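>
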Amino acid sequence: MRIGFAVPQYGAFADPEFIGRASASLESMGYDSLWASDRILVPLAPSDPYPGGDGTIPEAFTTFFDPLSALTLAALSTSDIRLGTSTLNALWQPAVVLARSLASLDLLSRGRLDVGIGLGWLRDEYAAAGVPWQGRGVRLEETLDLMETLWAEEVVEHKGPLWTVPPSHVHLKPAQRPRPPILLAGFTHAALERVGRRADGWLGAALPQPYLESLWGTALQAAERAGRDPSALRMVIRLNPMIVDEPADPAHVPHAGTVSQIIEYLFALGAAGAHEVFVDVQATTRSRGELLDVAESLITGLRAG
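For the sequence shown, position 65 matches number 65 in UniProt numbering, and the numbering has no gaps at all.
1. For Gly116, which residues in the same chain have their Cβ closer than 7 Å to its Cβ, ignoring the five residues on either side in sequence?
2. Tell me the residue span of the beta strand (DSSP E) that contains Met1.
3. Below 8 Å CB to CB, which residues in the same chain sit around Pro67 once its five sequence neighbours on both sides are set aside?
4. Could you spell out the range, first to last residue, of the beta strand (DSSP E) harbouring Thr258?
5. How about Val277 and Gly111: do their beta carbons lie closer than 8 Å?
6. Alpha carbon to alpha carbon, what distance is there between Arg21 and Phe13?
7. Nearest CA to the CA of Val259: which residue from Leu291, Asp15 and Trp151?
8. Shorter than 7 Å, the distance from the beta carbon of Leu298 to the closest heavy atom of the ligand ZN, or not?
9. Under 8 Å by Cβ, that's how I've got Pro241 and Thr284 pegged, so tell me the actual separation to the nearest angstrom.
10. Verify whether the separation of the beta carbon atoms of Gly137 and Ala190 is less than 8 Å.
11. By how many angstroms is the C-alpha of Phe61 removed from the C-alpha of Glu27?
12. Hey, how far is the Cα of Glu246 from the Cα of Glu17?
13. What separation, rounded to the nearest whole angstrom, lies between the Cα atoms of Thr188 and Leu119?
14. Give the straight-line distance between the Cα atoms of His262 and Glu296, rounded to the nearest whole angstrom.
15. Is Ala45 buried or exposed, if buried means 16 or more other CB atoms sit within 10 Å of its CB?
16. The alpha helix (DSSP H) that contains Phe187, what's its start and end?
17. Looking at Asp32 and Arg82, is the spacing between their C-beta atoms short of 8 Å?
18. Here's the rule I'm using: 16 or more other beta-carbon atoms within 10 Å means buried, otherwise exposed. How should Arg225 be labelled?
19. Within its chain, find whatever has a CB closer than 6 Å to the CB of Arg197; leave out the 5 residues flanking it on each side and keep chain order.
20. Thinking C-beta only, is Gly201 closer than 8 Å to Val236?
21. Can you give me the Cβ contacts of Arg2 inside the same chain, cut-off strictly under 7 Å, excluding the 5 residues immediately before and after it?
22. Express the C-alpha separation of Thr218 and Pro174 in angstroms, rounding to a whole number.
23. Along the chain, where does the alpha helix (DSSP H) that runs through Gly217 open and close?
24. Figure out for me which residue from Trp92, Leu91 and Leu76 has the closest Cα to the Cα of Ser104.
25. When you compare each of Ser79, Gln134, Glu141 and Arg139 to Leu113 by their alpha carbons, which one comes out closest?
26. Measuring only the C-alpha atoms, how far is Tyr50 from Val97?
27. Straight-line CA distance for Val7 to Val156?
28. Leaving out five residues on either side along the sequence, give the residues of the same chain with a beta carbon under 6 Å from the beta carbon of Asp280.
29. So what does Asp82 bridge to, in DSSP terms?
30. Could you have a look at residue 347 and say whether DSSP puts it in helix, strand or coil?
31. Does the distance from the CB of Trp163 to the CB of Glu142 come in under 8 Å?
32. Grab me the residues of Pro178's own chain with a C-beta within less than 6 Å of its C-beta, minus the 5 sequence neighbours each way, in chain order.
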């Protein structure tokens, strides 16, 4: 199982100098991957509750560094560690523009990019970006179609319900051929079916093991129906734990726990079939030093088994 960590990018950690320095440190610690997420605003009266805890959006989200800029800083500060988005809200910009940005980042990082895409949960952000909330699944399908065409074809042409591209030369291609790995997030039947039908993997979150296995099974079955190899799919799981000094009630793990408790949960994810896990503690640590100390304690304990 591969081990990743969230690249610093929001709250007290949304600082370009620290993003680069921390990325280099996380690579030297032995992490396999760095992951960036995507938020654009925190409404005073949100249209939708935050999916976790009491529904309150973390205060740290009020300062949020652009995910692709954060990964660019990480790419320039590291040499081998993989770089991923979990998740990028791909529908907030035109597919042709997003495809160019992602191809550029894959080239800049020398082929280290994993493109993790989600649909988000906050209608306010869609309204602010000028993108309809309704029809997100259809919009995502066409976004994927167009990006794959832009990345793979010598002459690009596309005509769909949302975008039309006349026969054109678009010679900027990603380093990974025919495209970077695409991972899709989501927890509905339709989302997991899409993972199996056309993605390289699933971006999940810390959930009870039976529920995780059920969702993953939906993706694997969809891959089989589509004539794809289910064993080629990757399950990547995000954790956002609060690290505490004293052992937490087991019922509260992994949302809160000691370093040892979180490590035990990560091993359990591996037993449940996760190919990669990554940890984000930006909303629950108080300083840059504490964030890096937690990262080092986690990776040391995990590598020690």
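Idealized CB from N, CA, C, for every residue including glycine.
Small disclaimer: the values here were computed from a predicted structure and weren't measured.
On the basis of the supplied data:
1. Sequence index remark: in the sequence shown, residue 116 carries index 116 (1-based). These residues qualify, in order along the chain: Gly84, Thr85, Ser86, Thr87, Leu88, Leu183, Ala185 and Leu203.
2. Residue 1 sits at position 1 when you count from the first residue of the sequence shown. Premise fails: Met1 is in no beta strand (DSSP E) and is neither H nor E.
3. For this step, residue 67 is matched to residue 67 along the sequence shown. Excluding five sequence positions before and after Pro67, the CB atoms of its chain that fall closer than 8 Å to its own CB belong to Gln9, Ala36, Ser37, Asp38, Thr85 and Leu88, given in chain order.
4. Residue mapping note: residue 258 aligns to position 258 of the sequence shown, counting from 1. No beta strand (DSSP E) contains Thr258, which DSSP labels as neither H nor E.
5. The residue given as residue 277 occupies position 277 in the sequence shown. The residue given as residue 111 occupies position 111 in the sequence shown. No, these two residues do not count as a Cβ contact at 8 Å.
6. For the purposes of this step, residue 13 is taken as residue 13 along the sequence shown, with counting starting at 1. For the purposes of this step, residue 21 is taken as residue 21 along the sequence shown, with counting starting at 1. Cα to Cα, the separation comes out at about 11 Å.
7. Counted from its first residue, the sequence shown places residue 259 at position 259. With distances taken between Cα atoms, Val259 lies closest to Leu291.
8. Here there are no bound small molecules, and the ligand ZN is not part of this structure.
9. On the sequence shown, position 241 is the one that residue 241 refers to. On the sequence shown, position 284 is the one that residue 284 refers to. A Cβ-Cβ separation of about 7 Å places Pro241 in contact with Thr284 under the 8 Å criterion.
10. On the sequence shown, position 137 is the one that residue 137 refers to. On the sequence shown, position 190 is the one that residue 190 refers to. Ala190 sits close to Gly137, with the two beta carbons spaced by under 8 Å.
11. The residue given as residue 27 occupies position 27 in the sequence shown. The residue given as residue 61 occupies position 61 in the sequence shown. Looking at the two C-alpha atoms, the distance is approximately 25 Å.
12. Along the sequence shown, read from residue 1 onward, the residue named residue 246 stands at position 246. Along the sequence shown, read from residue 1 onward, the residue named residue 17 stands at position 17. Between the alpha carbons of Glu246 and Glu17 lies a gap of roughly 33 Å.
13. Counting from one through the sequence shown, the residue named residue 188 turns up at place 188. Counting from one through the sequence shown, the residue named residue 119 turns up at place 119. Going by the C-alpha atoms only, they are around 12 Å apart.
14. Indexing the sequence shown from 1 puts residue 262 at position 262. Indexing the sequence shown from 1 puts residue 296 at position 296. In the sequence under discussion, the amino acid at residue 262 is Ile, which differs from the His named in the question. Here the alpha carbon of Ile262 sits roughly 13 Å from the alpha carbon of Glu296.
15. Locating residue 45 in the sequence shown gives position 45, counting from the first residue. Under this definition Ala45 is an exposed residue.
16. Translated into positions along the sequence shown, residue 187 becomes position 187. Counting along the chain, no alpha helix (DSSP H) covers Phe187, and no H or E run does either.
17. As a position in the sequence shown, residue 82 is number 82, starting the count at 1. As a position in the sequence shown, residue 32 is number 32, starting the count at 1. It is a contact, given that the beta carbons lie within the stated cut-off.
18. By 1-based counting over the sequence shown, the position of residue 225 is 225. In the assembly as shown, Arg225 is an exposed residue. Its beta-carbon has fewer than 16 other beta-carbons within 10 Å.
19. Here the question's residue 197 lines up with position 197 in the sequence shown. Correct list, in chain order: Ala222 and Ala226.
20. Stepping through the sequence shown from its first residue, residue 236 is reached at position 236. Stepping through the sequence shown from its first residue, residue 201 is reached at position 201. Yes, these two residues count as a Cβ contact at 8 Å.
21. One-based indexing of the sequence shown puts residue 2 at position 2. Closer than 7 Å at Cβ, skipping near neighbours: Asp32, Ser33, His275 and Glu276.
22. Here the question's residue 174 lines up with position 174 in the sequence shown. Here the question's residue 218 lines up with position 218 in the sequence shown. One C-alpha to the other measures close to 30 Å.
23. Position 217 of the sequence shown, counted from the first residue, corresponds to residue 217. Where Gly217 is concerned, the enclosing alpha helix (DSSP H) stretches over Gln209 to Arg225.
24. Working through the sequence shown from its first residue, we reach residue 104 at position 104. Relative to Ser104, the option among Trp92, Leu91 and Leu76 whose CA is nearest is Leu76.
25. As a working mapping, residue 113 is identified with position 113 in the sequence shown. Measuring from the Cα of Leu113, the nearest candidate turns out to be Ser79.
26. Position 50 of the sequence shown holds residue 50. Position 97 of the sequence shown holds residue 97. Near 29 Å, if we compare the C-alpha coordinates of Val97 and Tyr50.
27. The residue given as residue 7 occupies position 7 in the sequence shown. The residue given as residue 156 occupies position 156 in the sequence shown. Answer to the nearest angstrom: the Cα atoms are 34 Å apart.
28. In the sequence shown, the residue the question calls residue 280 occupies position 280. In the same chain as Asp280, and ignoring 5 residues on each side of it, the C-beta atoms closer than 6 Å to its own belong to Ala6 and Asn240, in chain order.
29. Working through the sequence shown from its first residue, we reach residue 82 at position 82. One detail in the question is off: residue 82 reads as Arg in this sequence, not Asp. The partner list for Arg82 (beta bridge, DSSP) reads Ser33.
30. Look at the range of the chain in this structure, 1 to 305, and you will see that residue 347 is not part of it.
31. Here residue 163 corresponds to residue number 163 of the sequence shown, with the count starting at 1. Here residue 142 corresponds to residue number 142 of the sequence shown, with the count starting at 1. Result yes, Cβ atoms of Trp163 and Glu142 sit closer than 8 Å.
32. For the purposes of this step, residue 178 is identified with residue 178 of the sequence shown, where counting begins at 1. Here the set comprises Ala152.
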